[in-house]
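Asks: Starting off with a structure, shown below.
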Amino acid sequence: MLHVLKLPNLPKSSRTLLQTPRETTIAKMGNGHYWHNGLEKGIVNLLPKIDSATNLELSFNIDGLPIYNSTKMEFWPILCLINNMRNLHPFVVGIYCGTTKPPSVQGFLTPFVEEIKPLLKNGIFINGIKCSLKVRCFICDTPARSFAKGVVNFNAYNRCTRCTVIGEYNHESHRMSFPCIDLNVIWLKHLNYD
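Residue numbers (our numbering): 1028 to 1221.
Have a look at this one:
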């Protein structure tokens, strides 16, 4: 349509009109690829105008989902939502795409962690106004939470992330349970994780 109109103030291509980047940096990661859009870039694009300094509360979501039913390709997006601002939609911070889940949680989350650390400490500037950031929560289903925390899978014998109780597998119901009848159970703290 832009090419047909040939108006002097309109670009000839939609890519120019929408300011689509010419190159996209995609990193190889295990059996797949990772694209990092960026937390700061997403916030600035979502909040182009802000009147006064504010504290932005962020919720993040990490989850794996199949792209197609007929293939083994999976997406593992990192999504962000600004909770205390009305009528805003979630935006993509980064996406991993591959035949399996990302090979390591460290490799998958490193670009995100390296970007968010200074932003949490120093805040973010939007049109010259400083806004502080606060992580409200991470929203994950059980397998994604196990992956993000770097702990054993949700159905393993030593799965409990709060204590050292060993699970019991019921062969009739095909379920794992963690009976907490031992009063001498050792409760886990952050120091117990390597």
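Note that CB positions come from ideal geometry on N, CA and C, so glycine has one too.
Check whether the Cβ atoms of Phe1135 and Tyr1123 sit closer than 7 Å, and answer yes or no.
Replies: Going by C-beta atoms, Phe1135 is nearer than 7 Å to Tyr1123.
Asks: Can you look up Leu1073 in the DSSP assignment and give me helix, strand or coil?
Replies: Residue state, collapsed to three classes: helix.
Asks: With a 10 Å radius around its C-beta and 16 neighbouring C-beta atoms as the bar for buried, classify Ile1193 as buried or exposed.
Replies: It is exposed - the Cβ of Ile1193 has fewer than 16 other Cβ atoms within 10 Å.
Asks: Cutting at 6 Å between CB atoms, please list the residues of its own chain near Leu1226, excluding the five before and the five after it.
Replies: Given a span of 1028 to 1221 for the chain in the structure shown, any question on residue 1226 remains unanswerable.
Asks: Does DSSP put Val1132 in a helix, a strand or coil?
Replies: Val1132: helix per DSSP, three-state reduction.
Asks: I'd like to check one pair, Glu1084 with Lys1157: are the Cβ atoms closer than 7 Å?
Replies: Cβ atoms of Lys1157 and Glu1084: not closer than 7 Å.
Asks: So what does Pro1093 bridge to, in DSSP terms?
Replies: According to DSSP, which records beta bridges pairwise, Pro1093 is partnered with Glu1101.
Asks: Using DSSP's beta-bridge definition, name the partner residues of Ser1159.
Replies: Note: Ser1159 sits in a beta bridge opposite Asn1082.
Asks: Short of 8 Å in beta carbon distance, which residues of its chain neighbour Met1100, apart from the five on each side in sequence? Order them along the chain.
Replies: So the list reads Pro1093, Ile1094, Cys1124, Gly1125, Thr1126, once near-sequence residues are dropped.
Asks: Would Cys1164 be called buried (16 or more neighbouring beta carbons within 10 Å of its own) or exposed?
Replies: The residue in question, Cys1164, is exposed, as its Cβ has fewer than 16 Cβ neighbours within 10 Å.
Asks: Based on Cα-Cα distance, which residue from His1198, Ile1089, Ile1077, Tyr1196 lies nearest to Pro1104?
Replies: Answer by Cα proximity: Ile1089.
Asks: State yes or no: is the C-beta of Ser1252 within less than 7 Å of the C-beta of Asn1110?
Replies: As displayed, the chain neither begins before 1028 nor continues past 1221, which places residue 1252 out of reach and without an answer.
Asks: Between which two residues does the alpha helix (DSSP H) holding Ser1173 run?
Replies: First-last of the alpha helix (DSSP H) with Ser1173: 1169-1176.
Asks: Here's the rule I'm using: 16 or more other beta-carbon atoms within 10 Å means buried, otherwise exposed. How should Leu1115 be labelled?
Replies: Looking at its Cβ environment, which holds fewer than 16 other Cβ atoms inside 10 Å, Leu1115 is exposed.
Asks: Could you name the residues that DSSP lists as bridge partners for Phe1087?
Replies: According to DSSP, Phe1087 bridges with Cys1107, Phe1165.
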